[in-house]
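Undergrad: Just passing along the structure, written as structure tokens.
Chains as they are written, first to last, in the numbering used here: chain A, 1 to 114; chain B, 115 to 229.
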């Protein structure tokens, strides 16, 4: 059974600081997705990572994937209050086929304080 | 483009009652998913459709949950009878034909409370 673990689950940061959220998964997969969820809202796609060594950047967020280590990271640079949200990583169980069952981590609740 | 539409936004029922949720995916999206998100957890897939056929329903509690996607567009998810542990947000998502490079697009969800 595929397990996806995120850490930390809660993160309180000061504006301007850098931090990294980690996503570990337990079985082979070459597809990992990062989503953002604001309170009471739905999930918004941030990044799609499809190969070993993939790196994507958007604004202050950068995501990477190491399929050999079964690890993805979401790095936050110079955090601002608008980044406060819950961040989920999700791993696709259908290795090599069409997109299938996404297994989500429990989420990292990020709070950025002035 | 218009996003994934879901209704109702909120529903409160008593245990053992029945409830139904509706989803209209993004136009042209062949793949539709229903997820259950319990408070404090990530979404869990209940069922995946490709057009009007079921691809994966291995995690759907079939003794009480049912879903259909007639004509390969709109979908409904039904719970009958509801249990207390069914209290959750039910999210619908859609994507282009299940291609790995296309993320799933989520609706705002239906928040279900069971009394």
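Think of the CB as a built atom: it goes at the ideal place given N, C-alpha and C, for glycine as much as any other residue.
Please report the distance separating the alpha-carbon of residue 194 of chain B from that of residue 131 of chain B.
TA: 7 Å
Undergrad: Tell me whether residue 116 of chain B is buried or exposed, calling it buried when 16 or more other Cβ atoms sit within 10 Å of its Cβ.
TA: exposed
Undergrad: Helix, strand or coil: how does DSSP classify residue 184 of chain B here?
TA: DSSP places residue 184 of chain B in helix when its eight states are reduced to three.
Undergrad: Going by C-alpha distance, which of B:119, B:205, B:209, B:142 is nearest residue 157 of chain B?
TA: B:205
Undergrad: Starting from residue 119 of chain B, trace the beta strand (DSSP E) both ways and give me its first and last residue.
TA: 119-121
Undergrad: Sort out for me which residues DSSP pairs residue 66 of chain A with in a bridge.
TA: A:71
Undergrad: Please list, in chain order, all residues of the same chain as residue 152 of chain B whose beta carbon is under 7 Å from its beta carbon, the five residues on each side excluded.
TA: 202
Undergrad: Assign residue 27 of chain A to one of two classes, buried (16 or more other C-beta atoms within 10 Å of its C-beta) or exposed (fewer than that).
TA: exposed
Undergrad: Going by beta-carbon coordinates alone, are residue 189 of chain B and residue 163 of chain B separated by less than 8 Å?
TA: yes
Undergrad: Please state the DSSP three-state secondary structure of residue 219 of chain B.
TA: Here residue 219 of chain B sits in strand by DSSP.
Undergrad: Evaluate the contact criterion for the stretch 76-86 of chain A versus the stretch 9-22 of chain A: three or more CB pairs, one atom per stretch, below 8 Å.
TA: yes
Undergrad: With a threshold of 16 other CB atoms inside 10 Å of the CB of residue 40 of chain A, please say whether the residue is buried or exposed.
TA: exposed
Undergrad: For a cutoff of 8 Å on Cβ pairs, would you count residue 33 of chain A as touching chain B?
TA: yes
Undergrad: Within 8 Å (strictly less), CB to CB, does residue 171 of chain B reach chain A?
TA: In terms of beta-carbon proximity, residue 171 of chain B stays away from the interface with chain A, with every pair separated by 8 Å or more.
Undergrad: Could you tell me if residue 103 of chain A is buried or exposed, where buried requires 16 or more neighbouring beta carbons within 10 angstroms of its beta carbon?
TA: buried
Undergrad: For residue 36 of chain A, is the classification buried or exposed, using 16 other Cβ atoms within 10 angstroms of its Cβ as the cut-off for buried?
TA: buried
Undergrad: Contact criterion: CB-CB distance below 8 Å. Does residue 18 of chain A meet it with respect to chain B?
TA: no
Undergrad: Shorter than 8 Å from the beta carbon of residue 42 of chain A to some beta carbon of chain B?
TA: Taking CB atoms only, residue 42 of chain A has a neighbour in chain B less than 8 Å away.
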